RNA sequence: GCGCGUUUAGCUCAGUGGUAGAGCGUCACAUUGACAUUGUGAAGGCCGGAGGUUCGAUACCUCCAACGCGCACCA
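Numbering (full-length UniProt numbering), first residue to last: 1 to 738.
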């Protein structure tokens, strides 16, 4: 019996032969589902909970190595806690990713010569949903291949029915207290995506451009955007600027401008920097944030100059209908011809705002949109966040800040806390409406002048739902509790919220982590998680970000095919300190495949040489030391994992198993087994088996497949599968034989 | 502009107040003995630069440089 089980070790470890079958055995055996584990007696009914949510991958295609790294880290922590006896839940899911998915599908149909408006809302959405479904299926398969011990019975999707209810419920309760409001404000318009986006979806790109100086009445004004200046009737200077002290606020003067004479009004405002340019500017409130603020302060009127497609409106006179890009030079020529051009600075460096998803240059526009008020006071009925009392007045910004300053949430690595606070301090109201079709449609209905906000459509005829959809991060913000059944009062919610940990990339600290803290704080009065572990990005061997355009994407599945999941996981963990980017090369993955095989051969040696070992034996002094050494390793590694120092734990295990156990202990054992006396031999057999089993347990979270496969062949009476074996604590030599 | 991070062997990275480590790569040798997906050994580093604290700094402090990142932004 034992002999046949050992036969597999006669050939090198072949991941392909074991991985799929093992995963199936775990999944079908219910080992990922905490309820089943309690039912089967593997987990105590009153065990402490440990829960994490999988950051839901976007259904925009396939998983990349970054996802693989995330899955590895989370699976290590989950398997570790499960083995420690906790009631452990890891919830999988996917994210509809609104703009990202919609623009992806738009690109696909564009190749077929079709635009979304040709299809219409319903047909287009059907197409997107089909694409999303296909991506989902691929992703789910990839998550399985990584060995992730997620509970598939609780799988969620940000756009499925329960999550839809959560989103609408959340929207309504925030609307009811005035934290969600509709406002006509300056927003970031993406002319290519034809939607508004939030401040966080903007990417600034440095660009060299021309800076123009024009005569504007008695003044010289500077601008980088002559094409917006048609209707500039306000000329602004600093109140203390001595050069312009003869002019008073509100004074008007007649000036000659692009399309003829007009009346200009003098405005004094401290926002103008006297050091910049000529210290004087005209303002375009409709297309500039700074100008808009100034206009608000002085109650000035603004006019739209550029339409939503980036073309000039009739206010531009002869230039109406031109694309702004083309119009600029023509306008400058005209001003030059009129003798109004003073100078052009050719080397002006400034940052251009572009849309994260489409790359288009953002055109600020004044539009009516939905916002979440982050600075507005409200009474929080219930709060468990230290520093925010139930029934006290607070703001969303304060909740987000206090959750971290109070220590209720710890961010690892700590330096990101500073970055987080900095972001909060600069945070403005969050624009949540989007003019795209894919996503949660805003739960507001209109009829004439009536407005209804609710979880379901209002009764009666003639109601029309708001055509806009919500920012995808609105639903993501609810993820820790929407996945647990909220707003229903479920057992899962009571058992698993707040979650223990959120593990995600530092690149979505603001997008997601902050929004989850906001949502959980408002709706539940709690933090969504106690720890945030931010991993780095996986880069190629040259340190470049992996991207389609660079063609340097490594498909994790390819690597798994070649080297096995365990090797890929180790390669992604080793050297990956929290918050640090990981450079990955195939060589490193290959190195860890060797390690899996090393373990395989250790198994062969140990099983062959301990087949006739007694259950117990008194240990020699030498072997007691070996046992103590292993105990120290257990203590060390356990502490490292508890502190999320996975790369350190993995490295210690790797060295112990290879350099200490294989190279030294096994080598020293050979003469003992060959020519040692019976007592020494038995002692060594016992301690070697013990060290071997402990090593398998310690390595299991990191390399689940090869360890489970080996463990399966170890003859132990009443053995459990390794995935639910008890994490080794310590085996003091003197407790073995009291 | 403000802030953060990084800079250690060819590459990727650990690390410590007492003049440096790992993996991979390279080279040499060994060996069918658990494992050739092996073993042993070697070559290879003024630990980014300058100054300071110290008996002593790669490690602590200051400044500088390069690279990367975040935020803000002046028309």
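Note that beta-carbon positions come from the ideal geometry of N, C-alpha and C, so glycine has one too. From a predicted model like this one, the values you see are computed outputs, not experimental measurements.
What residues are listed by DSSP as bridge partners for residue i?
{"i": "residue 154", "result": "None; residue 154 has no bridge partner."}
{"i": "residue 306", "result": "312"}
{"i": "residue 281", "result": "236"}
{"i": "residue 741", "result": "Not covered by the structure: residue 741. The range shown for the chain is 1 to 738."}
{"i": "residue 242", "result": "Answer is none; residue 242 lacks a bridge partner."}
{"i": "residue 367", "result": "185"}
{"i": "residue 430", "result": "372"}
{"i": "residue 204", "result": "353"}
{"i": "residue 712", "result": "Bridge partners of residue 712: none, in fact."}
{"i": "residue 89", "result": "51"}
DSSP state of residue i, grouped into three classes?
{"i": "residue 729", "result": "coil"}
{"i": "residue 376", "result": "coil"}
{"i": "residue 232", "result": "coil"}
{"i": "residue 624", "result": "helix"}
{"i": "residue 48", "result": "coil"}
{"i": "residue 26", "result": "helix"}
{"i": "residue 645", "result": "coil"}
{"i": "residue 390", "result": "coil"}
{"i": "residue 535", "result": "strand"}
{"i": "residue 53", "result": "strand"}
{"i": "residue 445", "result": "strand"}
{"i": "residue 111", "result": "helix"}
{"i": "residue 58", "result": "strand"}
{"i": "residue 783", "result": "The first residue shown for the chain is 1 and the last is 738, placing residue 783 beyond what the model contains."}
{"i": "residue 581", "result": "coil"}
{"i": "residue 258", "result": "coil"}
{"i": "residue 248", "result": "coil"}
{"i": "residue 483", "result": "coil"}
{"i": "residue 253", "result": "strand"}
{"i": "residue 500", "result": "strand"}
Hey, would you say the C-beta of residue i is under 7 angstroms away from at least one heavy atom of the ligand FMN?
{"i": "residue 57", "result": "As presented, the structure is devoid of all ligands, the ligand FMN included, so that no description of it is given."}
Considering only their Cβ atoms, is the gap separating residue j from residue i smaller than 8 angstroms?
{"i": "residue 370", "j": "residue 432", "result": "yes"}
{"i": "residue 234", "j": "residue 267", "result": "yes"}
{"i": "residue 135", "j": "residue 59", "result": "yes"}
{"i": "residue 364", "j": "residue 188", "result": "yes"}
{"i": "residue 23", "j": "residue 144", "result": "yes"}
{"i": "residue 96", "j": "residue 158", "result": "yes"}
{"i": "residue 173", "j": "residue 357", "result": "no"}
{"i": "residue 335", "j": "residue 214", "result": "yes"}
{"i": "residue 72", "j": "residue 573", "result": "yes"}
{"i": "residue 38", "j": "residue 30", "result": "no"}
{"i": "residue 192", "j": "residue 389", "result": "no"}
Who are the Cβ neighbours of residue i in its own chain at under 7 angstroms, not counting the five residues just before and after it?
{"i": "residue 349", "result": "206 and 208"}
{"i": "residue 636", "result": "652"}
{"i": "residue 284", "result": "228, 229, 232, 291 and 305"}
{"i": "residue 376", "result": "178, 179 and 395"}
{"i": "residue 153", "result": "33"}
{"i": "residue 14", "result": "none"}
{"i": "residue 661", "result": "602, 691 and 695"}
{"i": "residue 589", "result": "559, 563, 567, 568 and 571"}
If you drop the 5 nearest sequence neighbours on each side, which residues of the same chain put their C-beta closer than 8 angstroms to that of residue i?
{"i": "residue 330", "result": "319 and 322"}
{"i": "residue 261", "result": "254 and 255"}
{"i": "residue 98", "result": "434, 436, 438, 439, 469, 470, 471 and 472"}
{"i": "residue 351", "result": "204, 205, 206 and 207"}
Going along the chain, which residues of its own chain have a beta-carbon closer than 6 angstroms to the beta-carbon of residue i, five neighbours each way excluded?
{"i": "residue 87", "result": "34, 43, 47 and 49"}
{"i": "residue 698", "result": "637 and 653"}
{"i": "residue 92", "result": "54, 150 and 155"}
{"i": "residue 519", "result": "477 and 478"}
{"i": "residue 259", "result": "317"}
{"i": "residue 257", "result": "none"}
{"i": "residue 82", "result": "88"}
{"i": "residue 446", "result": "464"}
Specify whether the stretch 611–629 and the stretch 678–685 touch according to this definition: at least 3 beta carbon pairs, one from each stretch, less than 8 angstroms apart. With contact defined as three or more Cβ pairs closer than 8 angstroms, the stretch 611–629 and the stretch 678–685 are in contact.
Quick check: the stretch 447–457 against the stretch 168–186, are there 3 or more CB pairs under 8 angstroms? Between the stretch 447–457 and the stretch 168–186 there are three or more inter-stretch CB-CB distances shorter than 8 angstroms, so the stretches are counted as touching.
Is it true that the stretch 407–422 meets the stretch 73–84, where meeting means three or more beta-carbon pairs spaced less than 8 angstroms apart? Result no; under three Cβ-Cβ pairs closer than 8 angstroms.
Would you be able to state if there are at least three C-beta pairs under 8 angstroms between the stretch 566–575 and the stretch 666–677? Contact fails: fewer than three Cβ-Cβ distances are below 8 angstroms.
Indicate whether the contact test is met: 3 or more Cβ pairs, each with one atom in the stretch 4–23 and one in the stretch 591–605, closer than 8 angstroms. Cβ pair count under 8 angstroms is three or more, so yes.
Three or more C-beta pairs closer than 8 angstroms, one from the stretch 587–594 and one from the stretch 553–563: is that the case here? The answer is yes - the stretch 553–563 touches the stretch 587–594, with three or more Cβ pairs under 8 angstroms.
State whether the stretch 488–501 contacts the stretch 528–539, with contact taken as three or more CB pairs (one from each stretch) at a distance under 8 angstroms. Touching, yes, given that three or more Cβ pairs across the two stretches are closer than 8 angstroms.
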